[in-house]
Amino acid sequence: MVEDLVVAVAAAGSAGLVYLATAARVVKQYERGVLFRLGRVTGEVRSPGLNLIIPFVDRLQKVNMQIVTLPIPAQEGITRDNVTVRVDAVVYFRVVDATSALLKVEDYKFAVSQMAQTSLRSIIGKSDLDDLLSNREKLNQGLELMIDSPAVGWGIQVDRVEIKDVSLPDTMKRSMARQAEADRERRARIINADAELQASRKLAEAAQQMADTPAALQLRLLQTVMAVAAEKNSTLVLPIPVELLHFLERGGQPALPEQEQEPVAHTDGAPRTG
610 MVEDLVVAVA AAGSAGLVYL ATAARVVKQY ERGVLFRLGR VTGEVRSPGL
660 NLIIPFVDRL QKVNMQIVTL PIPAQEGITR DNVTVRVDAV VYFRVVDATS
710 ALLKVEDYKF AVSQMAQTSL RSIIGKSDLD DLLSNREKLN QGLELMIDSP
760 AVGWGIQVDR VEIKDVSLPD TMKRSMARQA EADRERRARI INADAELQAS
810 RKLAEAAQQM ADTPAALQLR LLQTVMAVAA EKNSTLVLPI PVELLHFLER
860 GGQPALPEQE QEPVAHTDGA PRTG
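If you're matching positions, the sequence shown starts at 610 in the numbering used here and goes up one per residue.
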């Protein structure tokens, strides 16, 4: 009798352990569980920890609530200014409603991927090449809005969308390099012309100042001669100012004698000295 009771207790314990093993489900901290009972969603979303279900009747579907990093394959398109480019991006999203993510879309990751590819091609067709290269932040916001609008109904929130790389044809790269080189050359010429203009203004002011004081021109000439003479490996050609030549010319001529008075002519024709 006692042996039968022990066997019954052991059998009941074994059955309980088997039931517990088949009924126990562990939901991790970053997951949420959706319970399906005979194919219908029952109760609230199961929180992390140990959860018990009815074996062969209930099915607990776990949904990952972490942020998913989904790369978007490179999409080729033509921009608004008729340039063929290849653009790839990455989408960061997460599930905020586990029930909607399971019921409203068959495979939410595949759905987000296809929506992201379609939106990326649409962004390429609506943008210029300059926007793709220099105004990516605005394009990222527009792309995020296009993906997030249908994803909200699936219980998914798009956190961020980033355009990774823009591939250009080789001919376009060479054209852009020539354009950049021409632009830099233009700016260099403008800077040189502006420097020449400023220098000419200063030289004009200096010339005006030296014209008022001729001795300053001689001092400047001597300073230039001293600066050039410091380099012994150069030949010095000394220019002579025109003013100095005029001074030497005036100093070399003898003094003119007083001019004699010319005879004054009279009406009678006889010369008469005054």
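A virtual CB, placed ideally from N, CA and C, is assigned to each residue, including glycine.
The three-state secondary structure of T833, taken from DSSP, is helix. Here G764 is near A710, since their CB atoms are less than 7 Å apart. By the CB criterion at 7 Å, Q766 and R703 fall inside the cutoff. Of all alpha-carbon atoms in A760, K637 and E612, the one lying nearest the alpha-carbon of K718 is that of A760.
Using a 10 angstroms sphere on the CB of M785, the tally of other CB atoms stays under 16, which defines it as exposed. Assignment of K735 by DSSP, reduced to helix, strand and coil, places it in the helix class.
Here M835 is exposed: its Cβ has fewer than 16 other Cβ atoms, across all protein chains shown, within 10 Å.
With a cut-off of 8 Å on Cβ pairs, the stretch 669-686 is in contact with the stretch 714-732, counting three or more such pairs. Annotated as proximal: V714 and A720, with beta-carbon spacing under 7 Å. CA-CA distance, R783 to L748, rounds to 25 Å. As the crow flies, the alpha-carbon of R689 is around 16 Å from that of G751. R655 counts as buried, since at least 16 other C-beta atoms from the protein chains shown sit within 10 angstroms of its C-beta. The alpha helix (DSSP H) runs lying completely inside the stretch 759-830 and spanning 4 residues or more are 779-821, given in chain order.
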